[in-house]
Amino acid sequence: MQENIIIAGHHAHAQVSTSWQQQLSHAIRDPDTLCQRLGLDAQWLPGAQAGHRLFDICVPDAYLARIKPNDPNDPLLRQVLPIGDETLASPGYVTDPLEEADHRPVKGLIHKYANRVLLIASPACAINCRYCFRRHFPYSENSPSRAQWQEALDYLRADTSIHEAILSGGDPLAASDRQLAWLVEQLESIPHLKRLRIHTRLPVVIPDRVDEGLLSWLGSTRLQKVVVLHINHANEIDQAVVDACTRLKQAGVTLLNQSVLLRDINDNVPTLAALSERLFEAGVLPYYLHVLDPVQGAAHFDVPDKEAQALIQALLEHLPGFLMPRLVREVPGKMSKTPL
Ligand SMILES: *Cc1c(COP(=O)(O)O)cnc(C)c1O
Ligand code: SF4
1 MQENIIIAGH HAHAQVSTSW QQQLSHAIRD PDTLCQRLGL DAQWLPGAQA GHRLFDICVP
61 DAYLARIKPN DPNDPLLRQV LPIGDETLAS PGYVTDPLEE ADHRPVKGLI HKYANRVLLI
121 ASPACAINCR YCFRRHFPYS ENSPSRAQWQ EALDYLRADT SIHEAILSGG DPLAASDRQL
181 AWLVEQLESI PHLKRLRIHT RLPVVIPDRV DEGLLSWLGS TRLQKVVVLH INHANEIDQA
241 VVDACTRLKQ AGVTLLNQSV LLRDINDNVP TLAALSERLF EAGVLPYYLH VLDPVQGAAH
301 FDVPDKEAQA LIQALLEHLP GFLMPRLVRE VPGKMSKTPL
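Residue numbers for the sequence shown follow the UniProt record's numbering, so the first one is 1 and each next one is one higher.
Printed below as a string of structure tokens:
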């Protein structure tokens, strides 16, 4: 994002890009502004207000710019605009669909799978996705302070079977570089840790997040680095996102993507094929295609398993094997994601 700054006395315009923090603090956070900025008909407002009361709207300008104005069916808009259906209860749709509450040996740490541990590095996100399985997550209880991090780090230090630390959230890159550099320095000092994985949507939502501050700690760690982006539609990948991916790759990061299969957003073969193609243009390999977690308020995004499997079968005929995402579901109690 660019802002024109007039430098007094110099009769000059200087283009100064605003920091990612400023972009995040200026994100749209109310239904009226969102509808107004996109020229949406007033009929969308009551639904947006109702959904917003359950899970706040958050859409930064850099993402908004990729949404086609005045088109209620835009696949990016549908990810961020609440609709009245969010207030409907659906059987089987619950507030903690993954039963993660059962797998937290210490605050801010989830250890469900062998060899890898998930750390909640930031409670915040740069965008609020309406289908998110964390929409009811008790973030305030799960964002550790530095003292509490010691407990999580001690847990990692004590279990030599753990080779990979996965930073998650929220969005871990919503944390400051100062905090992240400190955390990664602590992780590096644990000899049995080999890999640092970061699950984030921030380089997609605000590509300027991949700045010097981030690249300095990420580029210099001894740990092998994997960034798993979260992109659901090819339209999310504009030139700024491609450039952010290039910077990450130059810092030695392996780039993967996970998507969620979403009704009326990416639930057809051409859209999924275009997403894989566009990801590869940006230097990113598809990793997972998740079926929706049954979180309360998101039932209208569901694509039934049979349909999802048929889609993947058809997609096989359109893509090389290395651009095929793995269709998976997260089943509470299982030792891995479950292939469908
Ligand atoms: C998804 C997930 C992981 C990572 O699983 P991979 O199959 O390695 O991508 C790790 N921990 C938790 C709690 C998860 O939900
Ligand atoms: S955790 Fe991920 S999917 Fe959920 S709101 Fe944040 S960015 Fe979106």
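Every residue gets a Cβ at the ideal spot worked out from N, C-alpha and C, and that includes glycine.
Does DSSP put residue i in a helix, in a strand, or in coil?
| i | result |
| --- | --- |
| R222 | coil |
| R326 | strand |
| A165 | strand |
| Q2 | Note that Q2 has pLDDT 43, beneath the 50 cutoff, so the model's placement of it is unreliable and the number below is only indicative. Three-state DSSP puts Q2 in a strand. |
| Y287 | strand |
| T18 | coil |
| T338 | strand |
| I231 | coil |
| I312 | helix |
| I7 | Bear in mind that a pLDDT of 40 at I7, under 50, signals an unreliable position, so the number given afterwards is only what the model happens to contain. The answer is strand: DSSP assigns I7 an E or B state. |
| W44 | helix |
| G321 | helix |
| P172 | helix |
Among the options, which has the Cα closest to the Cα of residue i?
| i | options | result |
| --- | --- | --- |
| A121 | Y93, G169, C245 | G169 |
| Q258 | N266, L98, T87 | N266 |
| I28 | A251, D56, S189 | D56 |
| V74 | L315, L167, E236, V94 | The sequence given here has Asp at residue 74, not Val. Per the Cα distances, E236. |
| H26 | D61, L40, D32, G252 | D61 |
| G297 | D30, L45, A50, S19 | A50 |
| I83 | V331, K68, V241, F301 | F301 |
| K194 | P207, G213, T221, L215 | T221 |
| K112 | Q250, I166, G321, V328 | I166 |
| Q23 | L183, E281, A174, L316 | A174 |
| P325 | V205, L153, G333, L315 | L315 |
| Y93 | K337, P294, V227 | P294 |
| L223 | V241, A273, Q186, P332 | Q186 |
| A17 | L40, S216, P207, L255 | For clarity, residue 17 is Ser in the given sequence; the question names Ala instead. It is P207. |
| V226 | P97, W44, L255, L262 | L255 |
| A65 | A240, A152, D30 | A240 |
| E330 | F322, L323, L340, L119 | L340 |
| G219 | A251, G213, P97, N128 | A251 |
| P191 | K334, R146, A158 | A158 |
| G39 | P72, H52, L202 | P72 |
| R247 | C58, Y63, E212 | E212 |
Does any heavy atom of ligand 1 sit closer than 6 Å to the C-beta of residue i?
| i | result |
| --- | --- |
| I120 | no |
| Y93 | no |
| Y63 | no |
| K334 | no |
| K112 | yes |
| R116 | yes |
| L337 | For the record, residue 337 in the displayed sequence is Lys; it is not Leu. True, at least one ligand heavy atom lies under 6 Å from that Cβ. |
Is residue i a contact residue of ligand 2, with contact defined as CB to any heavy atom under 6 Å?
| i | result |
| --- | --- |
| D96 | no |
| N70 | no |
| D171 | yes |
| C58 | no |
| R201 | yes |
| A134 | Looking at the sequence provided, one finds Arg at residue 134 rather than Ala. Checking the Cβ of R134 against ligand 2 gives yes. |
| residue 425 | The displayed coordinates of the chain run from 1 to 340. Any statement about residue 425 would go beyond what the structure contains. |
| N128 | yes |
Identify every run of the beta strand (DSSP E) within the segment 246-302, keeping only runs that are complete inside it and at least 3 residues long; order them along the chain. 253-260, 285-290
Ignoring anything shorter than 3 residues, give me the beta strand (DSSP E) runs that lie fully in the segment 52-125, in order along the chain. 116-122
Could you pull out every unbroken beta strand (DSSP E) segment of at least 3 residues lying fully inside the segment 177-218, listed in chain order? 195-200
Within the chosen definition, does the segment 129-137 reach the segment 176-194 through at least 3 CB pairs nearer than 8 Å? no
Are the segment 303-315 and the segment 102-120 touching by the rule of at least three beta carbon pairs closer than 8 Å? no
So, does the segment 227-246 touch the segment 275-288, judging by three or more C-beta pairs under 8 Å? Contact check between the segment 227-246 and the segment 275-288: three or more CB pairs, one atom from each, fall below 8 Å, which counts as touching.
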